[in-house]
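Under this note's numbering, the residues of the sequence shown are numbered 361 to 786, in order.
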Amino acid sequence: MYARLLLVVIAAVSLARGIDAENVPSIHGMQYLIVIPDTVEKMSFVQEHERLPGFDFLEIKKRVNSPVKVLVTADHAKSFKSALDAYEIEYTVILDDLNAVRGLLNQDQALKLSLINRPTSKTYSFDFFPRYNQIVQHLKYLAQKHEHVTLIEIGKSYENRSIYGVKISSSATPKPIVLIDAGIHAREWIAPTTALYTITQLAENKTNSNLYKNVDWFIIPSLNPDGYEFSHTDYRMWRKTRSVNNFSSCYGVDANRNFGLKWMTVGASSNPCSDTYAGPKPFSEPETQALRDFALSKKGLVKAYLTLHSYGQYFLHPWGYTSDLPENAPTLRYVAENAAKALKSVSGTHYVIGSSTNVLYAAAGGSDDWAMGVAGADVSYTIELPGGGIFGFNPPPNRILPVGIETFEAIKSIGSYVGTRWGQRY
Ligand code: 0X9
Ligand code: ZN
C-alpha cells in the first residue's frame, strides 16, 4: 500500500513541477475542491502540494479532519483527484470549471478568487445547504461586522422562529427599495443560499457599494423557516408552512397561495392535505402576515419585489391569477430581459421570461401578484432558479456558488434599474 502511495505521490509531484511557476494559472478547467484528510498521513500528502505550481490553497488548517480548500489547474486536477482516490482521501468538487464563473473573475482574478472562496464567517461558506440557525448566525455576523448592514425581524413563524432579514443601506434617509425574499417554499433550498450570496456580496464586497448608494435593500432569506427546518429533519420534499389545520391531520399551507389578491380563484386547493392548500383564509399564516405587514409599512417605497423559488429558470411576472397582462407588462419584460442578459453573460444560463399564467400555469394567491397589485411594487418577479437532482429541488452543494454568482448579476441589474429610475443623490 505504502509503495503504491509513494508512486502516486511522486507521479503527482513530478507532474505538478512541469508547470512554469512564473505563469499565472489559467482558470479554464480549474477546479475548486474541498478535501478532508482524516489521518496525519493523508494530511501530509495533501500538504505536499502546498507550494507546487498548479495548486492554490485557499485554506489549510493542517489539522486532521478540517476541510482543506484548494484550487487546482485543469492539467493537475485529474492526477490530483486520482491520487486522492488512491489514498482514500475524501473530497468534493465544489466548482468543476472556474471559467464557468468568469464574469466574476476576469476583472481581477486573484482578488476575486479569494473573495469567492474565503469563508465569510467562521461557520459560513457557500459549500453546504445551511440550517436555519446557521443562516441566522451568518446574518448576525454580517450585521455586527458592517455598518451598512442591519438585522431586521419581520415577525415570527408558526413554530415561533424569528423571520429575520437584513437591511442594506448607506444612510438613514429612506430610499427606493428592492425587497427580496426566499424560501417561501421549504424544499427549494437553492433559493435561501442565493439570497445569502446576494446579502454577502452587498455586505462584504466593497465594489458593490454603488448598488446601495441610492437604493435600500431588504432581503429575507428564509421566509418559511419551519418548513425549511422540516425539509432538513423529516421530509426533504416539504413545501408548505407547518401550521396545524383544523379538522385535518395534514399540516401546513402553501404560503404562495395564501396572499390576499384573488385568493383561491385559480390553481389553489381547499384541501389541507394538498401541497397547494391556500389556507382557510387569505393571510392565515404568520409567515405571509409578516411579509404583508413589512411590505405595507414601506408602501410607496418598494419599487422592485423579487421572490426566489426553484426550479425552472423563469423570470415570472404578474399576473398569476389571469392570462390578462398587467398594464406595465412592457416594463416588466424589459427589466427582466436586461436581468436575464446579465445572468446569461456569466455562464450561458438561459431563462424564460413571461407572465406566470402564460408561461407556467395559473395560480392565485402568490406573493408576486400581491406585491404588485396591492403593496404597490412597480416591478415584481418570481425567479425560478435552476434545478438539480432527481426531483429538481435537490441540486448538489457545488451548484450553490455558480447559481448565486449568476443570479446576483440579474439582481444587480434590477437594483441598477431601481437606482437609475427612482434613486436620487443622497
Ligand atoms: O407555484 C408556485 O408557487 C411557483 N412555482 S414553484 O415551482 N416554485 O412552486 C410559481 C409562482 C408564480 N406566481 C404566481 N402564480 N402568482
Ligand atoms: Zn416555489
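A virtual CB, placed ideally from N, CA and C, is assigned to each residue, including glycine.
The structure displayed is predicted, hence computed values, not measured ones.
Output the distance between the C-alpha atoms of residue i and residue j, rounded to the nearest integer angstrom.
| i | j | result |
| --- | --- | --- |
| L666 | N718 | 19 angstroms |
| G680 | G733 | 11 angstroms |
| K500 | H592 | 22 angstroms |
| E769 | A702 | 6 angstroms |
| T567 | A735 | 31 angstroms |
| D416 | K429 | 9 angstroms |
| V706 | T452 | 23 angstroms |
| I305 | V739 | Here the chain covers residues 361 to 786 and nothing more, so residue 305 does not appear. |
| G660 | W623 | 23 angstroms |
| N606 | D487 | 40 angstroms |
| A381 | L412 | At A381 the pLDDT is 33, less than 50, meaning the model places this residue with poor confidence; the figure from the coordinates comes in the next sentence. Their backbone Cα atoms lie some 8 angstroms apart in a straight line. |
| D586 | K658 | 26 angstroms |
| S404 | L418 | 16 angstroms |
| K772 | A699 | 8 angstroms |
| I449 | I394 | 11 angstroms |
| E408 | D653 | 57 angstroms |
| N565 | L556 | 13 angstroms |
| T742 | V509 | 25 angstroms |
| T780 | K663 | 12 angstroms |
| A532 | N574 | 11 angstroms |
| W598 | F590 | 7 angstroms |
| I540 | A563 | 15 angstroms |
| K704 | L692 | 18 angstroms |
| A655 | S644 | 17 angstroms |
| T399 | S439 | 21 angstroms |
| V674 | D729 | The amino acid at residue 674 is misidentified as Val; the sequence shows Tyr. Near 16 angstroms, if we compare the C-alpha coordinates of D729 and Y674. |
| Y711 | F578 | 24 angstroms |
| N616 | M390 | 40 angstroms |
| W782 | N570 | 14 angstroms |
| G414 | I559 | 32 angstroms |
| P678 | G764 | 24 angstroms |
| V496 | A503 | 11 angstroms |
Consider the C-beta atom of residue i and the heavy atoms of the ligand ZN; say whether any pair is separated by less than 7 angstroms.
| i | result |
| --- | --- |
| E548 | yes |
| D774 | First, the residue type needs correcting, since residue 774 is Ile and not Asp in the sequence shown. Flag unset: Cβ of I774 not near the ligand ZN. |
| N618 | no |
| H669 | yes |
| H409 | no |
| I544 | yes |
Going by the C-beta, is residue i closer than 7 angstroms to any heavy atom of the ligand 0X9?
| i | result |
| --- | --- |
| G389 | no |
| A723 | yes |
| L676 | yes |
| S716 | yes |
| G680 | yes |
| E744 | yes |
| G612 | no |
| D684 | no |
| G726 | yes |
| D456 | no |
| D541 | no |
| D653 | no |
| A594 | Checking the sequence, you will find Asp at residue 594 rather than Ala. No, the ligand 0X9 has no heavy atom inside 7 angstroms of this Cβ. |
| D729 | yes |
State the DSSP-derived secondary structure class of residue i, mapped to helix, strand or coil.
| i | result |
| --- | --- |
| Y492 | helix |
| L685 | coil |
| K663 | strand |
| F440 | helix |
| A542 | strand |
| Q391 | strand |
| T510 | strand |
| G714 | strand |
| V719 | helix |
| T593 | helix |
| Y637 | strand |
| K516 | strand |
| G525 | strand |
| V373 | Here the model assigns V373 a pLDDT of 33, short of 50, so the residue's position is not dependable, and the following value carries that caveat. Note: V373 maps to helix in three-state DSSP. |
| L676 | strand |
| E744 | strand |
| Y572 | helix |
| H669 | strand |
| K658 | coil |
| W598 | coil |
| V695 | helix |
Below 8 angstroms on the Cβ atoms is my contact criterion, and I expect residue i with residue j to pass it. Report the Cβ-Cβ distance as a whole number of Å.
| i | j | result |
| --- | --- | --- |
| P755 | G747 | 6 angstroms |
| G515 | A650 | 3 angstroms |
| T433 | S386 | 7 angstroms |
| A580 | G525 | Before going on, a small fix: residue 580 reads as Ile here, not Ala. Sure, about 4 angstroms apart at Cβ, within 8 angstroms. |
| L583 | S670 | Not confirmed; about 14 angstroms, so no contact. |
| S517 | P646 | 6 angstroms |
| Y588 | G543 | 5 angstroms |
Examine the ligand HEM and report whether any of its heavy atoms sits within less than 7 angstroms of the Cβ of residue i.
| i | result |
| --- | --- |
| L720 | Of the ligands one can find in the structure shown, namely the ligand 0X9 and the ligand ZN, none is the ligand HEM. |
Output yes if chain C places a C-beta closer than 8 angstroms to the C-beta of residue i; else output no.
| i | result |
| --- | --- |
| S603 | Protein chain content of the structure displayed is limited to a single chain, and chain C is not contained in it. |
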